[in-house]
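Presented below is the structure to which this report refers.
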């Protein structure tokens with residue numbers, strides 16, 4: 001897995017989600033995983049997801 005976002009960037013993305021009222025449940029549905037896994041991705045720097053899934057999340061957040 002290639003890391004696209006570092007931990008600080010993930011936190012910034014999470015803040016954007018909160019400002020845009022995007023729930024982690026929506027992100028989980030988008031990439032086909034559980035909301036618990038999305039929560040772990042944002043809260044633990046050692047948890048990674050695929051580059052494709054990161055890009056899907058980033059695009060989704062930017063479009064909102």
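In UniProt numbering, the protein residues as written are 1 to 64. All C-beta atoms, glycine included, are put in the ideal place defined by N, C-alpha and C. Because the structure is a prediction, the values reported are computed rather than measured.
Three-state secondary structure (DSSP) of residue i
i          : result
residue 18 : helix
residue 4  : coil
residue 23 : coil
residue 49 : coil
residue 39 : helix
When the options are compared against residue i, the one with the closest alpha-carbon
i          : options        : result
residue 11 : 53, 50, 41, 55 : 41
residue 32 : 16, 7, 50      : 50
residue 61 : 39, 7, 24, 43  : 24
residue 57 : 27, 15, 4      : 27
residue 14 : 36, 43, 34     : 43
Burial state of residue i, where buried means 16 or more other Cβ atoms lie within 10 Å
i          : result
residue 63 : exposed
residue 19 : exposed
residue 52 : exposed
Inter-residue CB distance, residue i and residue j (contact presumed, cutoff 8 angstroms)
i         : j          : result
residue 5 : residue 59 : About 13 angstroms; that fails the 8 angstroms criterion.
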